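Chains as they are written, first to last, in the working numbering: chain P, -16 to 427; chain V, 3 to 325.
This report concerns only the one structure given below.
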Amino acid sequence: MRDLLVLGGTSHPNLTKSICRNLTIQQTEVLSKKFSNGETSIEISESVREKDVFIVQSSCGHVNDNFLELLITIAACKTASAKRVTAVLPLFPYSRQPDIPFLPSLSGAPSISETKEYYTFESAPSTPRPLSRNSESGKELTNNSSSSPLEKKIINNNNLKMPIPNRSVNFQPKAIVTNSASVNFLPQVDENGKTESGYKQWISPNGTLIANLLTTAGADRLVTMDLHDPQFQGFFNIPVDNLYSRPLLKHYIMDYIPNYQECIIVSPDSGGAKRATAIADSVGCSFALIHKERRAKFANQPPSTSSSSMSVSMSQQKSLNSNYTTMIPTTMLVGDVKDKVCVLIDDLVDTSYTITRAAKLLKDEGAKYVYALVTHGVFSGDAINRIKKSGIDKLVTTNSVPQSEHVAILGDQIEVLDVSRIFAESIRRINNGESVSMLFDYGW
Amino acid sequence: MHGRSQNSIKLLAGNSHIELCKQIADKLGIKIARVGAFQYTNQETAIAIGESVRDEDVYIIQTGCDSEKINDYVMELLLMINACKVASARRITAVIPNFPYARQDKKDKSRAPITAKLLANLLQIAGCNHIITMDLHASQIQGFFRIPVDNLYAEPIMLKYIKENFNKDDLIIVSPDAGGAKRVAGIADKLDVQFALIHKERARANEISRMVLVGDVSDKIAILIDDMADTCGTLCKAADILIENNAKQVICIITHGIFSGSAIEKINESKIDKVVCTNSLPISNHLKNCSKLEMLDISSTLAESIRRLHNGESISYLFYNNS
């Protein structure tokens, strides 16, 4: 190895260790601690002068702490005359910001981390809801929803369609904030996210900032995996190697799913369709798609089922007052999964609302067994508990973020694939100036 | 104004010190802008914008505090600045009373990062046009920026407090370390009182080994002045030495009361008679737990600097006068 040093941040020490084992080199020690006032302090134990330095840091746990630690480590290497600093980010921080219509709650919304006995995986509440939002049942309703934009819209729509005499125009569904006082400054918004003055409340996009911060700290190159938006690469003025977990997932399907040719690859939302079709094509399986859409609903008229391959889960519609013609969100499955083994494929599972809802829909449509193949399993909040109780029979994810806690809870329901070989090989190739693109197709 | 329409001040509150932001807003007679920062369950921060800041003069109040969340607050500030930039604000000023990472301003060991410089770069790339801060640990940090930095002083407020509460013939001003000697000597000059110095030999960060007092403090009220009190180890040891040398009373006057770890307990048990500190960090909780603690309000200084900056007036007046 030519002047190769691999450093690890505190976010995922085990991955750094396995990368170094795969490269058969000694990991360079980084002394990372906190001053008593909480400021991060970094000390690099070995000389990095004129070395090719790789810093491994994933985006998990205390994301901001880990991200600043990475920036400080990069800056430390740069000031210590490293020749080149490459940040290896298995999961890229802030790569996906859920675009929730943010709705503040004055009650100081708690984070949704406690275990609940009962989860609904329905797209919407399937029984008619009591009328008042402020009653206890209103609370129950928000408990079941909270993070997904879709569910919020549905609740909201339900309320809209129900003839509620004294319903206030401004409503305050629970938001998924973790105790931040400054959200109290946000105005009340109506169901379209607009304030009284008509200003549409919005959430700021962070992608370019994160890219600029990394570049400013001194990163010369980035290695990451399965970027949620491939366009993210364009935010950088430095080379970004976006590795794919596709070969790994493909191997899993071919090696561990019995009769894999018979199974159906399913994308849980239309955004991931391209990713899922690519895998379906390469293993030669058929493909189905779950599609969320807002569509016009007409009184007592079932949705079009002209072709047998299209079935629509619209149980919630029956519950709605059908005198109104409004746009309501529906979850549709495009494709036939009856008595089939289904493989859900997604790049990132965070709150797990989308994937558990998809699993429920597949089971409702008669699927025999549901696999969920996920590159980055973040599982924040109560996601793991939702998955445990969901229709997912086997969850397969990678160790791009630490999974040991999740394995402890899910046991046999989860399998973890190792990405350290891919990262180690890409580091070796980058260091040697060899092509990395070969890893895209064949994995390692 | 060069053909451009007049704009107004938009005051944004970060989560670190909302109390101070409210006080500033009250003094300026404006409302805090409808912008909020929050975290998703995956602990990524997001900024929601509920009113237009297009072409406005934006001031974001965020201080470095809370050992659990200091990095969250830094990221929050960067994201807020970026959000305002994306929303086409005309000018974005970060008001950072206590500049985080200010003590990591030099390469004191091999391969140690100069984090203050990194933070300066990050703030600028995020889109910050101006910085207002107070009593920077090292004023050279101003040179880390390519944008204007207004380093305000708590000194006028401190001087006022000393003049109002003590008779200057009883006083001696003491610097707890050599680094602050210049600042403290300046205050002693302005008050026309005696000056003493405690010299400490530091083994490791936040730990002091040996202290030597230079000057005579017997039968005087010793006023220790420092820019920040973190673990308070220095202050407590300094108080011990002053009392040993027959000082009548020990008063500490501090700009940034970080009070991390068991600092408040240390103060309660120590020989310090009173700790006076500004509200550059949220200290209202500490005030409840420590009867020796007293607060100086800097919100008027910050509010006045914001008003002056917005109107294009001189800030330097505030260096020497109380607002």
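Don't be surprised by glycine CBs; every beta carbon is placed ideally from N, CA and C.
Source: prediction; values computed, not measured.
Of all the CB atoms in chain P, is at least one closer than 7 Å to the CB of residue i?
i      : result
I255/V : no
T117/V : yes
G145/V : no
E327/V : Here chain V covers residues 3 to 325 and nothing more, so residue 327/V does not appear.
V88/V  : yes
A39/V  : yes
R36/V  : yes
T95/V  : no
Which first and last residues belong to the beta strand (DSSP E) in which residue i is found?
i      : result
D229/V : I223 to A231
V206/P : R204 to M208
R310/V : Taken as a continuous stretch (DSSP letters only), R310/V belongs to no beta strand (DSSP E), being part of the alpha helix (DSSP H) at S301 to N313.
L295/V : L295 to L298
Whole angstroms is fine: what's the gap from residue i's alpha carbon to residue j's?
i      : j      : result
V152/P : D173/P : Because the pLDDT of V152/P is 33, which lies under 50, any placement of that residue in the model is unreliable, and the question is left without a value.
S383/P : D224/P : 15 Å
S296/P : Q45/V  : Residue confidence for S296/P is low, a pLDDT of 41 falling below 50, so the modelled location carries little weight; the figure read from the coordinates is stated next. Rounded to whole angstroms, S296/P to Q45/V spans 33 Å at the Cα level.
E70/V  : E22/P  : 9 Å
V88/V  : S187/P : 8 Å
I55/P  : V13/P  : 12 Å
C279/V : V252/V : 14 Å
A140/V : D107/V : 8 Å
G349/P : E245/P : 15 Å
S250/P : T11/P  : 41 Å
K192/V : L138/V : 20 Å
C325/P : D238/P : 16 Å
S403/P : H45/P  : 22 Å
G201/P : I25/P  : 15 Å
T380/P : D401/P : 9 Å
K16/P  : I116/V : 15 Å
D299/V : A187/V : 23 Å
T337/P : A164/P : 29 Å
T358/P : A48/V  : 23 Å
A263/P : E179/P : 48 Å
N270/V : L289/V : 12 Å
K428/P : K321/P : Outside the modelled stretch of chain P, which goes from -16 to 427, sits residue 428/P, for which no answer is possible.
L345/P : D252/P : 13 Å
N73/V  : N242/P : 50 Å
Helix or strand or just coil, what does DSSP make of residue i?
i      : result
R258/P : helix
A342/P : helix
F261/V : coil
H132/V : strand
D242/V : helix
Q184/P : coil
H139/V : coil
G318/P : coil
S54/V  : coil
T337/P : helix
L173/V : strand
Is the Cβ of residue i closer than 7 Å to any Cβ of chain V?
i        : result
Q386/P   : no
S131/P   : Residue confidence is low: S131/P scores 41 on pLDDT, short of 50, so the model does not pin down where it sits. No coordinate-derived value is stated.
T199/P   : yes
H274/P   : no
L(-13)/P : no
N382/P   : no
V46/P    : yes
I25/P    : yes
D187/P   : The sequence given here places Ser at residue 187/P; Asp does not occur at that position. Chain V, which has a Cβ nearer than 7 Å to the Cβ of S187/P, makes this yes.
Y243/P   : no
L74/P    : no
S78/P    : no
Could you pull the start and end residues of the alpha helix (DSSP H) that residue i belongs to?
i      : result
K119/V : T117 to A128
T62/P  : V46 to T62
L193/V : A183 to L193
T199/P : G190 to A200
S363/P : Run containing S363/P: none; DSSP gives neither H nor E here.
Chain-ordered residues of the region 209 to 222 of chain P with a beta carbon less than 7 Å from chain V: Residues passing the 7 Å Cβ filter: none.
Interface residues of the region 350 to 365 of chain P facing chain V [CB-CB below 8 Å]: Flagged, chain order: V361, S363 and G364.
Contact list for the region 164 to 185 of chain P against chain V, Cβ threshold 7 Å: Per Cβ criterion, the list reads A164, S165, V166, F168, L169, P170, T178, Y182, Q184 and W185.
Cβ-based contacts, 9 Å cut-off: residues of the region 274 to 301 of chain V near chain P: For the region 274 to 301 of chain V, which is checked against every Cβ of chain P, not one residue is closer than 9 Å.
Cβ-based contacts, 9 Å cut-off: residues of the region 43 to 77 of chain V near chain P: Listed in sequence order: T43, N44, Q45, E46, T47, A48, I49, A50, I51, G52, E53, S54, G66, C67, D68, S69, E70, K71, I72, N73, D74, Y75, V76 and M77.
Residues from the region 54 to 70 of chain P in contact with chain V, defined by Cβ distance under 7 Å: Of all residues in the region 54 to 70 of chain P, only L54, I55, A58, A59, T62 and A63 place a beta-carbon less than 7 Å from a beta-carbon of chain V.
Selection of the region 333 to 351 of chain P by Cβ proximity to chain V, strictly under 7 Å: Of all residues in the region 333 to 351 of chain P, only D333 and T334 come within less than 7 Å of chain V when Cβ atoms are compared, listed by chain position.
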